[in-house]
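In our numbering, the protein residues as written are 6 to 235.
These notes are about the structure you will find just below.
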C-alpha cells in the first residue's frame, strides 16, 4: 500500500469522523499501484434487507437501489442503518435493483429515531451545547432520513449525545447536542442520521423542512426539501 499503512488509514478515518459505526467490510492489498480512491467514501446509503430473499441492498437516493455483488447478508440482520461506503458499479444483471456494484467497504453511521419533545424543557432535557452544521455532501435529506455532519469541540473520552426533536411547526426539527461538560479540546466532525417518520405525511409532495440548531454564534437554521418516504 505504498507509504500509508492500513492501520494509519483507519486511524485517520476514525479520528476525523468521530461518531461512526464499526468498519463492516474492507478490501485491501499490498500492491504499490493501489487505487487510493477506494479509501474514501463515494456514496451515502441506507442499508436495507429484501424481506423476501434476505438479500442486503443499498438505497442510494429516493429512487436508486444498489445490489452489492459481493455481499449476501447484512451483518446487522434486518436492521436498517445509514452508512458511508465505497463501491464500484458493475456491468451486468441487477434484477429489480437499479444497479449492481462491488463493495470495497461500508461503515455505518449512528442512526437514531427522533426524540420526544418536551417543549420549553427540550434544552434542559437534551442539551444546548453549540455545534456547527457543515455544508457538505453528507448533510442531506433523503430516503426518509436527515443525515448531518456536525462540528464541535471534543477534548476527552466523554461521550457526547445528540438528538433531534420536533419544532414548533409541522416540518421544523431542532438538533440538540449535550457535551456533558466536554466543551474544549480539538474541533472534530461527527455524522449522525435521524429517521423522520414522526413528521406529518407530505402526501407525495416536496415540502420545506427547517432544521434549527444552537451554533457558536447563536441559533441558526437551514431549509431542505423533504418528501415522506414511500
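All residues carry an ideal CB built from backbone N, CA and C; glycine is no exception.
| Alpha carbon of residue 208 to alpha carbon of residue 160, nearest angstrom | One C-alpha to the other measures close to 44 Å.
| request: Using a threshold of 8 Å, state whether the C-beta atoms of residue 189 and residue 158 are closer than that. | output: Going by C-beta atoms, residue 189 is nearer than 8 Å to residue 158.
| said: Here's a check: name, in chain order, each residue in its chain whose Cβ is nearer than 7 Å to the Cβ of residue 108, leaving out the five neighbours to either side. | reply: The residues are 30, 73, 75, 76, 90 and 92.
| message | In the DSSP assignment, the alpha helix (DSSP H) including residue 104 goes from what residue to what residue? | response | Unbroken run through residue 104 is the beta strand (DSSP E), 104-118; no alpha helix (DSSP H).
| request: Take residue 198 as the anchor and find which of 78, 116, 55 and 79 has the nearest alpha-carbon. | output: Here the closest residue by C-alpha is 116.
| field | For residue 45, the three-state DSSP class (helix, strand or coil) | value | The answer is coil: DSSP assigns residue 45 none of H, G, I, E or B.
| query | In terms of DSSP beta bridges, what is residue 237 paired with? | reply | Nothing can be reported for residue 237, as the shown portion of the chain is limited to 6 through 235.
| said: Going by DSSP, what residue range makes up the beta strand (DSSP E) through residue 231? | reply: Segment 223-231, the beta strand (DSSP E) holding residue 231.
| query | Rounded to whole angstroms, how far is the Cβ of residue 88 from the Cβ of residue 113, which I believe are closer than 8 Å? | reply | Contact flag correct, Cβ pair sits at about 5 Å.
| task | Find out if the Cβ-Cβ distance for the pair residue 185, residue 218 is shorter than 8 Å. | result | Cβ atoms of residue 185 and residue 218: not closer than 8 Å.
| query | Helix or strand or just coil, what does DSSP make of residue 125? | reply | Three-state result, residue 125: helix.
| query | Can you find a CB in chain C that lies within less than 8 Å of the CB of residue 84? | reply | Looking at the structure shown, chain C is missing, and only one protein chain is on hand.
| field | Range covered by the beta strand (DSSP E) that runs through residue 65 | value | Where residue 65 is concerned, there is no enclosing beta strand (DSSP E), given that its DSSP letter is neither H nor E.
| Same chain, Cβ closer than 8 Å to residue 187, neighbours up to 5 away in sequence not counted | Taken in chain order, the residues that qualify are 158, 159, 160, 161, 163 and 165.
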